[in-house]
Every structure is written in structure tokens, then in C-alpha cells.
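Trainee: For the sequence shown, the working numbering begins at 14 and goes up steadily by one. Beta carbons are placed, not taken as given, at the ideal position from N, Cα and C, and that holds for glycine. This structure is a prediction, so every number in the text was calculated from the model and none was measured.
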Amino acid sequence: MAQPQPADREAAFSLLFVLPILGLLSVFLLALTSTHRLEQRASANRVDGVRAELVAEAGLARAIALLTEYELREPISSLHAPWAYRRQDARAFAVDFPLERSRHPSFKAGVLPSGQVYSSSIGSTYGGGDVCLLKVIDAASKLNLNGGSPELPSMLDALGRAIRDYDERRADPADPLHDPEWLAWCQEELRLPLDPIQGRGERILALRDSLGGSFTSLRPLEALLGVDEVERLSHYVTLHSWRDPRYGNRAPVNVNTASWPVLVSCFVGLEAASPLVPPLNDAAARAAA
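Structural data, given as C-alpha cells:
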């Protein structure tokens, strides 16, 4: 048998030395390629994010211009106004239905081939264009937590009960307020009727006073009421509606745009000038709303 020559040994040794290096280079190349792809994806996401912000800002500016123009021409609020955010059957204002699933957003402008509705279209980066959805809500349709009404604690207690009853009524096929598509969404989200106040109106006002006399956000309420409760409540209360300094900083409610729970809260305890007419109780307030 022939013995391996020194040159063969050196070649074998070189091969054994080079193979691991080639393996490491291959791993390095794969890592570099993966990093490059991730960076490309991150850059594309960043660009899309900036585009989305610009589209949203443009849509908001357009909505403000259209809203100003319409309100100067038609100062009385109406369900049929172009800014109205309506529920799926367009028979009433939508209160807590998610915007991304809405068929009747504010300033509805059209429908994409995919079936997605939109409020404003700007550019055409993608096939369907750069579009946005708008939800305009009348702040005066809600109770102002910073309002100066002395009845606000009892109104908040009544509002909580009315929110729970409103959810129950919208889920009842025999009720005039029944909303089947809202009910389907609630069932998907496991969203049950809830009184977010539970008689804690006085404590809400005490918390407000401890914060200097006004709320700047609803976040402080989460410790008192709970996160889910504050989310439910947020559709019926505001911090930003106009307050009348001539009447103790009270915040009037627009009865043309207010939801059923807000109307009920305004009517509970309402008194007539005559002592022969008792204040409205919960049942009478519900009937009036």
C-alpha cells in the first residue's frame, strides 16, 4: 500500500481548515441577508406609518373644513348631517360601535372594491388608494364631568344604570332600540351589559375636586371604577364640551344628538314649577327619553 505523500497531507489539512471557515462565512452571509431584509421591512413599515399619519392629518383637516362649512349653513344638528357617525342601519347615531367596522363613518366618501368604506382618499400608494375613516362626535351629546351642575352626581348614577339598560335593550329583538350588528360585535368581544358607575357619582366628583377641580383625562377614573368600566363610560361622558359661565359653568346637553342613556340621566330628578308634579323617577325618565 502506498503511503500518503506530504503534499497530500498538507492538502487534507488545508481542506479541513477551510471547510469550517466556509461554514462560518455562509452563516455570516445568511445573517447579513436576514438583517438586510429586516431593515428593509422596518424601513417600509416606517414609511407606511408616516404616510398613514399624513393621510390621517389631511383627513382631519378636511373634516374640520367640511364641518365648519356645514354648521354655518345648517346650525341645527341632525342625524342626516354628513358629519353624523351612524350605526350600521343608519337609523340612529352610533355610540360605541368600532370605527373600523362601520358602514356609515362621518363624511362617508365612497367604497373601495374590497367593500371597505372610507371618509377621505388622498393619493394612491396602494391599489385602493390612501384612505382614512372619520368619526365625528358632538361633545355636547355627552355629560361633561367638569360641568358645574349640582345634580351631576345623581345624573352620573342614573347614567350608569341607563347604560346597562341601553345595552340590554339593544340586545333584545323585541325592543325598538334593538341593534343586531352591534349585538353580533358584542358577542364576538364577549361584551356584556354593564353599569360602569354603580352608584359612585359622588366619589367621581370627590376625585375631581381632589385633582384641582377638573379632570384633564379619564385615566384617573380607572383606579376608582376599573379599566373596562371607564372604556364603557367614555362613550357617554366628555371633558371638553362648552360650559356656560353665566349659569355656574354648567355644560348643556344637545338633545338632538344625545344618546338614550344621556337623555335618561338628564331627565331623572327633573322637577316642574308646580309642587303637584313630582320629580321624574327612573321609569318616567326612560319613558321621556
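(1) Can you give the Cα-Cα distance for glutamate 244 and leucine 234, rounded to whole angstroms?
(2) By how many angstroms is the C-alpha of arginine 216 removed from the C-alpha of threonine 138?
(3) Nearest-angstrom Cα distance between glutamine 211 and alanine 171?
(4) Going by the CB atoms, is the gap between serine 119 and arginine 75 shorter than 8 Å?
(5) Short of 7 Å in beta carbon distance, which residues of its chain neighbour isoleucine 150, apart from the five on each side in sequence? Order them along the chain.
(6) Please name the residue, chosen from Gly128, Ser230, Leu147, that lies closest to leucine 246 on a Cα-to-Cα basis.
(7) Taking only the alpha-carbon atoms, compute the straight-line gap between tyrosine 83 and glutamate 242 and give it to the nearest angstrom.
(8) Please list, in chain order, all residues of the same chain as aspartate 257 whose beta carbon is under 6 Å from its beta carbon, the five residues on each side excluded.
(9) Taking buried to mean at least 16 other C-beta atoms within 10 Å of its own C-beta, is valine 290 buried or exposed?
(10) Could you round the C-beta distance between arginine 174 and aspartate 222 to whole angstroms and report it? I think they count as a contact, below 8 Å.
(11) At a threshold of 7 Å, does alanine 103 count as lining the ligand NAD (C-beta to nearest heavy atom)?
(12) Is it a yes or a no for the region 266-276 touching the region 197-204, going by three-plus beta-carbon pairs under 8 Å?
(13) Among Asp109, Pro111, Val144, whose alpha-carbon lies nearest the alpha-carbon of proline 126?
(14) Measuring straight from C-alpha to C-alpha, what distance separates leucine 73 and valine 266?
(15) Under 8 Å between the Cβ atoms of threonine 251 and asparagine 157?
(16) Is it the case that the Cβ atoms of tryptophan 195 and arginine 177 are separated by a distance below 8 Å?
(17) Which partner residues of aspartate 109 appear in the DSSP bridge assignment?
Mentor: On the basis of the data shown:
(1) 10 Å
(2) The alpha-carbon atoms of threonine 138 and arginine 216 are separated by roughly 51 Å.
(3) 9 Å
(4) no
(5) Once the five neighbours on either side are set aside, the close Cβ partners of isoleucine 150 are Tyr98.
(6) Ser230
(7) 35 Å
(8) Arg263
(9) Legend: pLDDT at valine 290 = 47, less than 50; position of this residue unreliable, no value from coordinates given.
(10) With 8 Å as the limit, arginine 174 and aspartate 222 do not qualify as a contact, their Cβ atoms being about 24 Å apart.
(11) Because no ligand of any kind appears in the structure shown, any question about the ligand NAD cannot be addressed here.
(12) no
(13) Minimum Cα distance to proline 126 is reached at Val144.
(14) 24 Å
(15) yes
(16) no
(17) Answer by DSSP bridge pairing: none, since aspartate 109 is not bridged.
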